[in-house]
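In what follows, a single structure is set out as structure tokens and then discussed.
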Amino acid sequence: MTNTQEFAPLSIAVALPAYRRALVERMLQRLLQENGEMSADWYVSHAAEADVTLRLPPDEGADPSASLLAELRRPDGGRETLTIEWPWRPGALLAALQRIARLLRSGAAGSADARDALAWQWLRRWSELALEARGRLLELRMGGQVVALMDARLGYWYAANQVLPDAAQFVTALARDSYSIELGQATPPPLLRPVSIKPLLWQLGVRSGHYGALPALRQRGGLRLKGWPYLAAGGPKAYAELIQKLRGGFNTAASLRDSGLAAAGLVDGFLNACLVCDFFHGETAEPAASAPAPVPVPAGVFAGAQMRPGNEQAVIASIRRSLHAGTP
Amino acid sequence: MSEIKLLFAGPMGAGKTTAIRAISEIEPISTEVENTDFSESDKAETTVAMDYGELTLDSGDKLRLYGSPGQKRFEFMWPLLAQGALGVVVLLDNSRPEPLADLEDFLSAFSGLIEAGRVVVAVGRLETHPQPGLDDYLASVSRRGQFLPVIGADVRRRDDVVGMLELLFEQIESTASTAAAAVAAGAAGDDEWLQFVQRARAQ
Amino acid sequence: MTQASLNLPEALRGALDTALRELHQRIPAIMGCVVATVDGRLVAHIIDNEADPQRIAAMIGSMVALGESIGRETRIDRSQYVVVNASNGLLYAQRVPSRRELFVVSTLARPTTNLGLVLHETRSAAEEIGQAVDGWLEQQQTRLAAAASTAEA
Ligand SMILES: Nc1nc2c(ncn2[C@@H]2O[C@H](COP(=O)(O)OP(=O)(O)OP(=O)(O)O)[C@@H](O)[C@H]2O)c(=O)[nH]1
Ligand SMILES: [Mg+2]
Chain E
1 MTNTQEFAPL SIAVALPAYR RALVERMLQR LLQENGEMSA DWYVSHAAEA
51 DVTLRLPPDE GADPSASLLA ELRRPDGGRE TLTIEWPWRP GALLAALQRI
101 ARLLRSGAAG SADARDALAW QWLRRWSELA LEARGRLLEL RMGGQVVALM
151 DARLGYWYAA NQVLPDAAQF VTALARDSYS IELGQATPPP LLRPVSIKPL
201 LWQLGVRSGH YGALPALRQR GGLRLKGWPY LAAGGPKAYA ELIQKLRGGF
251 NTAASLRDSG LAAAGLVDGF LNACLVCDFF HGETAEPAAS APAPVPVPAG
301 VFAGAQMRPG NEQAVIASIR RSLHAGTP
Chain A
1 MSEIKLLFAG PMGAGKTTAI RAISEIEPIS TEVENTDFSE SDKAETTVAM
51 DYGELTLDSG DKLRLYGSPG QKRFEFMWPL LAQGALGVVV LLDNSRPEPL
101 ADLEDFLSAF SGLIEAGRVV VAVGRLETHP QPGLDDYLAS VSRRGQFLPV
151 IGADVRRRDD VVGMLELLFE QIESTASTAA AAVAAGAAGD DEWLQFVQRA
201 RAQ
Chain D
1 MTQASLNLPE ALRGALDTAL RELHQRIPAI MGCVVATVDG RLVAHIIDNE
51 ADPQRIAAMI GSMVALGESI GRETRIDRSQ YVVVNASNGL LYAQRVPSRR
101 ELFVVSTLAR PTTNLGLVLH ETRSAAEEIG QAVDGWLEQQ QTRLAAAAST
151 AEA
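Chains as they are written, first to last, in full-length UniProt numbering: chain E, 1 to 328; chain A, 1 to 203; chain D, 1 to 153.
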């Protein structure tokens, strides 16, 4: 898995003489079929304006083995041309497409914007795998090496230096080295102290907003906040308003974007951050019904209270019922 | 279970007595006396020991609602009343001269409970006194390395009072589940939650 | 809170200080006496140990009010006074009886002292203070009335 995960698939058009066009299109189709993750990234288009257009180099004439030119249309409107050598070799074509996707999505110049796109891609992968993990840890590789194991359910980060990276450094590293996230082992690594990954997730979420809501968010019906996203403390004023809104009434990512509370990028960033940090209620479950099963809790956490947690959940449920029963 | 209780704290005139009245099913027991300190508030009466209200739960237990006196000179009552409480709602009044200084007083007084995720802050009279805004409160809280919910509310509306308790309960539940997760992951240590919060702050 | 103490008009302050000084002299093993407002602000004090008078004032305010509430709650009617009988001393507190009940007075004494004596002496001091308060309230009333009639004229 390379870092070519995207937002919407990229379109690729083949503008070649008929004899080569059929050949290249068939190659592309096969590549996409055989590489599941590629098919999420690309589709073959016949439109005149595609994200990528394959052409013959001007002086190559009819040589069927000639390299191809890939004309890229960047999201900012800029254009760029790349040469694909040995395009009839599937491996070479695949590598080229991956490189192009990376260029289009993360920007060759490594601008701040491009790094935010990486944050988006990374979180998309994270949130997909979080759903599939079922107790397994996620393995983060960068430059081919496993650099961290992550527990998506508990929100932990295990790394050799036991320190959570800063979000800005993290996306810079993502842009520099290729990365992948895969399902890994189920047991936490010995001797490594877990570090909460939420502060990193939160910041990545906020940065990712300019690239829209994560797919997992779009798939949800109503959004209702669970607890209080304390990580929003110190953020823009609109966060407080978004929190208020998300705590009452029915909201979706789209309705919040339309509410005019804040710019779309800010709203989506906030929602992405809340999603990956697990600040939303499950889709159907009512808060009272979704209370977690009683589990042991360290003594220090209950320093201020005398009750035991299992008991406490029952008490809270009972207070809720009584308060709501008393509503005139 | 010996006792189930909640405390409403906050400076003079913020609405502690009013909030308890909104949800108590008994006529609250109060310790109101004549207010002699008009520099604090022009209210005629003020609570000097405690307010007390009750709500019978369907389990048959009673939820005890305590209100503390607001003036700083009564701060000796605050920990007494908070002892063993499920949580504390700190009510603030944005029309007071220095609401952020009031906030600081209560953040200090209840720091242990804040670390345990058992405190919420509700700010009143925001409509008439929009400054400081909720984000100023949040900034003050986070400058101290603490995290807690801050909402706007009007204690004269029962729904608002129920809403602040709901928020408190959600906060307690999410703290408990995070702490439980810490145990499950073998990240034991009494101050795990505190460290988590501090790390989050440092980011 | 910088200063919880109350500034009183000169005449009332004089009467109050006198009453407190005399009370302090009348009880043999006294450790201190304090006058506070019903809402716990310090008015006057003589304290022989290191207890903080401001804090005592607030606590007495709470305690007397709590005594009132408990009296009402248990239907034993109005609380006359509250006593803390501790192993190393006793504390007695009551309201100052006046038309408007604005003050409380409290005595702190060693255990060698007889509670009856503390009770008796503090009560008479409270009555003296109460008379001074009533006198002051009346004076205020007259002044207000005079001010009102000049305003009308
Ligand atoms: N206009 C307005 N009035 C409010 C609001 N919140 C509370 N109040 C009023 O403010 C007053 C609060 O009084 P209390 O409930 O006695 O306040 P408290 O916190 O118990 O005060 P102390 O016991 O003196 O510390 C009540 O008269 C409320 O009706 C608000 O948001 N707007
Ligand atoms: Mg009150």
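Quick reminder that beta carbons are idealized off the backbone N, C-alpha and C, glycines included. Model, not experiment: these values are computed from the prediction.
Would you please state the rounded distance, in angstroms, between the beta carbons of residue i and residue j? I believe it to be under 8 Å.
| i | j | result |
| --- | --- | --- |
| A:Asp51 | A:Tyr66 | 7 Å |
| A:Gly53 | A:Pro11 | With 8 Å as the limit, A:Gly53 and A:Pro11 do not qualify as a contact, their Cβ atoms being about 20 Å apart. |
| E:Leu137 | E:Met150 | 6 Å |
| A:Gln171 | A:Pro149 | 6 Å |
| A:Gly87 | A:Gly15 | So it is not a contact: roughly 17 Å between Cβ atoms. |
| E:Arg79 | E:Leu104 | About 11 Å; that fails the 8 Å criterion. |
| D:Ala126 | D:Val105 | 5 Å |
| D:Asp32 | D:Leu108 | Position check: residue 32 of chain D holds Gly in this sequence, whereas Asp was assumed. The pair is a contact, with the Cβ atoms about 4 Å apart (cut-off 8 Å). |
| D:Ala44 | D:Ile60 | Not a contact, Cβ separation roughly 13 Å. |
| D:Ile27 | D:Val118 | 6 Å |
| E:Ala216 | E:Leu275 | 6 Å |
Between the Cα of residue i and those of the options, spot the shortest distance and give me the residue it belongs to.
| i | options | result |
| --- | --- | --- |
| E:Pro188 | E:Tyr156, E:Leu204, E:Ala168, E:Ile181 | E:Tyr156 |
| A:Val48 | D:Arg75, D:Pro53, D:Val38 | D:Val38 |
| E:Arg99 | E:Val52, E:Leu140, E:Ser196, E:Ala22 | E:Val52 |
| D:Gln80 | D:Arg55, D:Asn88, D:Ser87, D:Met63 | D:Met63 |
| E:Gly269 | E:Ala232, E:Arg207, E:Gln33 | E:Arg207 |
| A:Tyr137 | E:Ala240, E:Ala96, E:Asn311, E:Val276 | E:Ala240 |
| A:Asp154 | A:Thr18, A:Thr31, A:Leu7 | A:Thr18 |
Helix, strand or coil for residue i per DSSP?
| i | result |
| --- | --- |
| E:Trp157 | strand |
| residue 228 of chain A | Past the edges of chain A, shown from 1 to 203, lies residue 228 of chain A, and the structure says nothing about it. |
| D:Met31 | strand |
| E:Ala114 | helix |
| E:Arg134 | coil |
| E:Leu266 | helix |
| D:Asn85 | strand |
| A:Ser41 | coil |
| E:Trp86 | coil |
| D:His45 | strand |
| A:Asp160 | helix |
| E:Val276 | helix |
| E:Ala291 | Unreliable positioning characterises E:Ala291 in this predicted model, as indicated by a pLDDT of 35, which lies under 50. A coordinate reading is not provided. |
| residue 340 of chain E | This structure gives no information on residue 340 of chain E, because the portion of chain E shown stretches from 1 to 328. |
| A:Asp58 | coil |
| A:Ser95 | coil |
| E:Ile12 | strand |
| E:Tyr211 | helix |
| E:Asp151 | strand |
| D:Ser106 | strand |
| E:Gln162 | coil |
| E:Ser180 | strand |
In angstroms with no decimal places, state the Cα-to-Cα distance between residue i and residue j.
| i | j | result |
| --- | --- | --- |
| E:Leu261 | E:Ala238 | 7 Å |
| D:Glu68 | D:Thr112 | 28 Å |
| E:Ala101 | E:Leu16 | 21 Å |
| D:Gly23 | E:Ala325 | In the sequence on display, residue 23 of chain D carries Leu and not Gly. Using only the alpha carbons, I get a separation of about 57 Å. |
| A:Asp58 | E:Arg321 | 8 Å |
| E:Thr172 | E:Ser180 | 15 Å |
| D:Asp77 | D:Val133 | 25 Å |
| E:Gln203 | A:Ala44 | 49 Å |
| D:Ala145 | D:Gly135 | 15 Å |
| E:Met27 | E:Met38 | 13 Å |
| E:Pro199 | A:Val90 | 26 Å |
| A:Glu115 | A:Ile23 | 27 Å |
| E:Leu94 | E:Ile84 | 10 Å |
| E:Leu191 | A:Ser39 | 59 Å |
| D:Ala65 | A:Arg158 | 28 Å |
| D:Arg95 | D:Glu101 | 7 Å |
| E:Ala273 | E:Trp228 | 13 Å |
| E:Lys245 | A:Ile151 | 11 Å |
| E:Gln219 | E:Phe280 | 13 Å |
What residues from the segment 61 to 84 of chain A come within 9 Å of chain D, judged by C-beta to C-beta, listed N to C?
Pro69, Gln71, Lys72, Arg73, Phe74, Glu75, Phe76, Met77
Residues in the segment 136 to 169 of chain A with C-beta within 8 Å of chain D's C-beta atoms, listed in sequence order?
none
Give, in chain order, every residue of the segment 31 to 53 of chain A whose Cβ lies closer than 7 Å to some Cβ of chain D.
Thr31, Val33, Glu34, Asn35, Thr36, Asp37, Thr46, Val48, Ala49
The segment 13 to 33 of chain A: positions lying closer than 9 Å to chain D by Cβ
Ile29, Ser30, Thr31, Glu32, Val33
Residues of the segment 131 to 151 of chain D whose Cβ lies closer than 7 Å to any Cβ of chain A, in chain order
none
Residues, ordered as in the chain, of the segment 100 to 122 of chain A that lie near chain E by beta-carbon distance below 7 Å
Gly112, Leu113, Ala116, Arg118
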